[in-house]
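Below: one structure, written as structure tokens.
In the UniProt record's numbering, the protein residues as written are 1 to 324.
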């Protein structure tokens with residue numbers, strides 16, 4: 001299995017080891033506030049290829065490139081005034097901006113899936129310190145087999161990819177637990193490509209602009225998380241459940257029992273107190289537990305679609321979508 005380094009007690013050792021492995025063109029699993037990412041040098045095509053190989057990821061699905069700060073991001077992408085205002089307000093944090101790439105960027109086209117844009121994020125915590133030390137952008141999709149449940153702990157990563165990678169940095173559970181919100185500004189309009197850990201309402205309050213939602217999910221793949229089937233457990237998923245049938249796992253919300261839950265293989269609650277932030281942080285961890293319970297299906301009770309509930313429902317709909 002992979003070597004696991006505790007970044008809380010050994011931060012300098014973790015950064016040193018990660019830089020050494022990354023410099024050899026190998027991927028390293030790193031903690032971020034959203035989910036754990038499988039990072040590699042975004043300027044090295046062989047390193048990027050190893051991300052795709054490790055994850056079994058379709059090559060038409062672009063990778064988010066993580067930067068140490070806004071100054072580093074400006075070296076690789078062109079910022080319009082609205083994107084800059086959003087970046088200054090919400091970086092570091094769970095926000096990805098899709099921007100035109102600079103012609104002289106060393107970010108390899110493989111990381112962008114051949115697009116003339118790049119998704120950029122500035123993470124918090126040890127990931128930001130690693131990026132500053134490595135001094136190059138890191139392509140870092142979620143550290144899981146492609147299309148499966150995103151990992152929110154080092155244990156999740158090790159169980160899934162531990163035999164395929166050399167190093168995992170462990171900073172404990174992810175504080176947000178949901179991937180970043182992805183936005184793209186086109187001709188002065190803000191488009192939501194993927195709802196996530198940043199509440200879109202906060203962006204609208206900052207800019208005074210309505211964030212436009214996509215007409216349909218999974219149409220044009222401009223950013224990660226836009227595939228129709230994504231974030232999926234091995235077990236089938238049933239949404240908006242109002243009762244539970246024998247042999248199902250139940251993931252509910254708001255502490256409200258459902259008829260038949262006494263016959264469920266496991267009963268979990270995203271947030272007994274109806275806190276959507278808590279629900280977002282628990283989503284993938286609860287899905288992992290339900291998937292491992294031996295249930296024939298995972299039943300999800302309804303979750304409100306307001307605020308972070310929009311992102312939660314997006315993940316659930318993709319988890320329940322028909323699979324190839």
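Positions of the beta carbon are idealized from the N, C-alpha and C atoms, including for glycine.
Inspect the beta-carbon positions of residue i and residue j and report whether they are closer than 9 angstroms.
i, j, result
"residue 144", "residue 2", "no"
"residue 297", "residue 237", "yes"
"residue 5", "residue 182", "no"
"residue 174", "residue 34", "yes"
"residue 32", "residue 133", "no"
"residue 15", "residue 110", "no"
"residue 239", "residue 322", "no"
"residue 78", "residue 62", "no"
"residue 90", "residue 203", "yes"
Taking DSSP's pairing of strands, which residues face residue i in a bridge?
i, result
"residue 267", "250"
"residue 43", "Paired residue(s): none; residue 43 is not in a bridge."
"residue 3", "167"
"residue 184", "98 and 191"
"residue 77", "101"
"residue 148", "232"
"residue 117", "100"
"residue 28", "39 and 167"
"residue 65", "120 and 139"
Closest by CA to residue i, which one among the options?
i, options, result
"residue 93", "108, 73, 104 and 125", "125"
"residue 68", "175, 183, 139 and 127", "127"
"residue 46", "243, 22 and 31", "22"
"residue 28", "293, 245 and 154", "154"
"residue 314", "255, 146, 248 and 196", "196"
"residue 108", "54, 250, 116 and 42", "42"
"residue 104", "61, 75 and 132", "75"
"residue 300", "294, 268, 285 and 321", "268"
"residue 254", "274, 244, 260 and 243", "274"
"residue 256", "248, 20 and 242", "242"
What does the Cβ neighbour count give for residue i, buried or exposed, with the cut at 16 atoms within 10 Å?
i, result
"residue 199", "buried"
"residue 176", "buried"
"residue 311", "buried"
Ordered along the chain, which non-local residues of its own chain (more than five positions away) have a Cβ less than 7 angstroms from that of residue i?
i, result
"residue 277", "308"
"residue 84", "none"
"residue 106", "43"
"residue 201", "307"
In chain order, what residues of the same chain lie with their CB nearer than 6 angstroms to the CB of residue i, ignoring the 5 residues before and after it?
i, result
"residue 233", "149, 287 and 291"
"residue 121", "64, 66, 96 and 180"
"residue 263", "246"
"residue 214", "none"
Excluding the 5 residues preceding and the 5 following residue i in the sequence, name in chain order all residues of the same chain whose CB lies nearer than 8 angstroms to its CB.
i, result
"residue 11", "126 and 129"
"residue 50", "25, 26, 27 and 40"
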